[in-house]
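**Student:**
Number of protein chains: 2
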Amino acid sequence: MAQLNEVDFPPNLSCLKDIDTLLRCPICFECLNITMMTQCSHNFCSLCIRKFLSYKLLCPVCNMPSTEQDLRNNRLLDDLVQSFQAARQKLCHSNLESPPISPQT
Amino acid sequence: MAQLNEVDFPPNLSCLKDIDTLLRCPICFECLNITMMTQCSHNFCSLCIRKFLSYKLLCPVCNMPSTEQDLRNNRLLDDLVQSFQAARQKLCHSNLESPPISPQT
Ligand SMILES: [Zn+2]
Ligand SMILES: [Zn+2]
Ligand SMILES: [Zn+2]
Ligand SMILES: [Zn+2]
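Protein sequence lines correspond, in order, to chains A and B. Heads up: the first sequence runs through residues 0 to 104, numbered per numbering that gives the first Met the number 0. Heads up: the second sequence runs through residues 0 to 104, numbered per numbering that gives the first Met the number 0.
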């Protein structure tokens with residue numbers, strides 16, 4: 000949860016915010032961790048959705064009936080989380096090294 | 000197919016290449032278009048995998064038995080393709096406007 004507000008993008012990288020948002024779990028708001036997809040195509044961390052389904056057999060996003068047996072690994076999401084975090088680090092780093100030329104100069 | 004080689008990232012944005020590769024369909028090599036996931040968690044354009052399965056009931060990536068009925072929408076991938084394309088355009092554009100400071104200057 001705390002993680003969500005910690006991530007600030009410099010103005011010239013703000014276009015990465017949408018991708019960051021999409022790659023977060025709707026339960027814990029952290030980056031998806033071992034992504035599982037429900038039958039209704041919603042994605043969660045494996046632990047988050049399993050814990051949720053142990054209380055209610057519903058998708059937390061759309062309320063469709065859901066069971067643990069219906070869950071399917073969404074490994075491409077895990078790969079995307081990793082590649083995105085690496086790219087973000089590199090871009091934010093190179094951003095600090097060469098700040099954008101301000102219009103006044 | 001042709002699309003694949005057309006996409007060149009400027010050196011300082013080369014870290015986006017991995018994300019670009021992950022968001023492509025293993026059949027047509029274009030960006031995923033209406034992403035469908037097999038039971039074995041591999042992703043393809045809807046048209047590409049349906050056409051393939053009409054010939055062979057196997058996943059083209061891992062050869063696991065697959066049917067059209069097993070396919071599941073992977074809509075988050077479609078959203079990621081859109082956000083990534085928007086971000087790439089903005090980053091490459093702002094890149095042209097302010098070229099990196101060369102070490103000689
Ligand atoms: Zn989670
Ligand atoms: Zn749902
Ligand atoms: Zn395709
Ligand atoms: Zn497969």
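The C-beta atom is built at its ideal place from N, Cα and C for all residues, glycine as well. All values derive from a computational prediction rather than experimental measurement.
Does LEU79(A) get closer than 8 Å to chain B when you measure Cβ to Cβ?
**Tutor:** yes
**Student:** One question on the structure: do CYS14(A) and LYS89(B) come within less than 8 Å of each other, judged by their Cβ atoms?
**Tutor:** yes
**Student:** I'd like the ranges of any beta strand (DSSP E) spanning at least 3 consecutive residues and lying wholly in the region 30 to 84 of chain B.
**Tutor:** 34 to 36, 42 to 44
**Student:** Which residues does DSSP list as the beta-bridge partners of ARG87(A)?
**Tutor:** Its beta-bridge partners do not exist; DSSP assigns none.
**Student:** Is there contact between the region 17 to 36 of chain A and the region 72 to 88 of chain B, where contact requires at least three CB pairs shorter than 8 Å?
**Tutor:** With a cut-off of 8 Å on Cβ pairs, the region 17 to 36 of chain A is in contact with the region 72 to 88 of chain B, counting three or more such pairs.
**Student:** Of the residues PRO10(A), GLN68(A), PHE83(A), ASN94(A), which one's Cα is nearest the Cα of ARG49(A)?
**Tutor:** GLN68(A)
**Student:** Heavy atom of ligand 4 less than 7 Å from the Cβ of CYS24(B), yes or no?
**Tutor:** no
**Student:** Could you tell me whether the region 58 to 74 of chain A touches the region 32 to 44 of chain A, using the rule of 3 or more Cβ pairs below 8 Å?
**Tutor:** yes
**Student:** Skipping 5 residues on each side, what residues in its chain have a beta carbon closer than 8 Å to that of ARG23(B)?
**Tutor:** LEU3, GLU29, CYS30, LEU31
**Student:** Would you say LYS55(B) faces chain A, with C-beta separation under 8 Å as the test?
**Tutor:** No, no contact with chain A.
**Student:** Once the 5 residues before and after HIS41(A) are set aside, which same chain residues still bring their CB inside 6 Å of it?
**Tutor:** CYS58, VAL60
**Student:** So the alpha helix (DSSP H) ASP7(A) belongs to, where does it begin and stop?
**Tutor:** For ASP7(A), there is no enclosing alpha helix (DSSP H), as DSSP marks it with neither H nor E.
**Student:** Taking C-beta pairs closer than 7 Å, name the residues in chain B that ARG74(A) reaches, listed in chain order.
**Tutor:** Under the 7 Å cutoff, chain B gives SER40.
**Student:** Please look up how many angstroms separate the CB atoms of SER45(B) and LEU56(B), rounded, as I've assumed it's under 8 Å.
**Tutor:** Going by Cβ atoms, the distance from SER45(B) to LEU56(B) rounds to 17 Å, so no, they are not a contact pair.
**Student:** With the cut-off set at 8 Å, would you say PHE51(A) and ILE26(A) are in Cβ contact?
**Tutor:** yes
**Student:** Cα-Cα, which of ASP7(B), PHE8(B), LEU12(B) is closest to ALA85(A)?
**Tutor:** LEU12(B)
**Student:** Leaving out five residues before and five after MET63(A) in sequence, what residues of the same chain have Cβ atoms less than 6 Å from its Cβ?
**Tutor:** Exclusion of the five residues before and after MET63(A) leaves CYS39 as the residues of its chain whose Cβ lies within less than 6 Å of its Cβ.
**Student:** Straight-line CA distance for ARG74(B) to PRO10(B)?
**Tutor:** 31 Å
**Student:** Flag ASN11(A) as yes if its beta-carbon sits less than 8 Å from any beta-carbon of chain B, otherwise no.
**Tutor:** yes
**Student:** Quick one: is SER93(A) buried, meaning 16 or more other Cβ sit within 10 Å of its Cβ, or exposed?
**Tutor:** exposed
**Student:** Can you give me the C-alpha to C-alpha distance between PHE83(A) and PHE43(B), rounded to a whole angstrom?
**Tutor:** 20 Å
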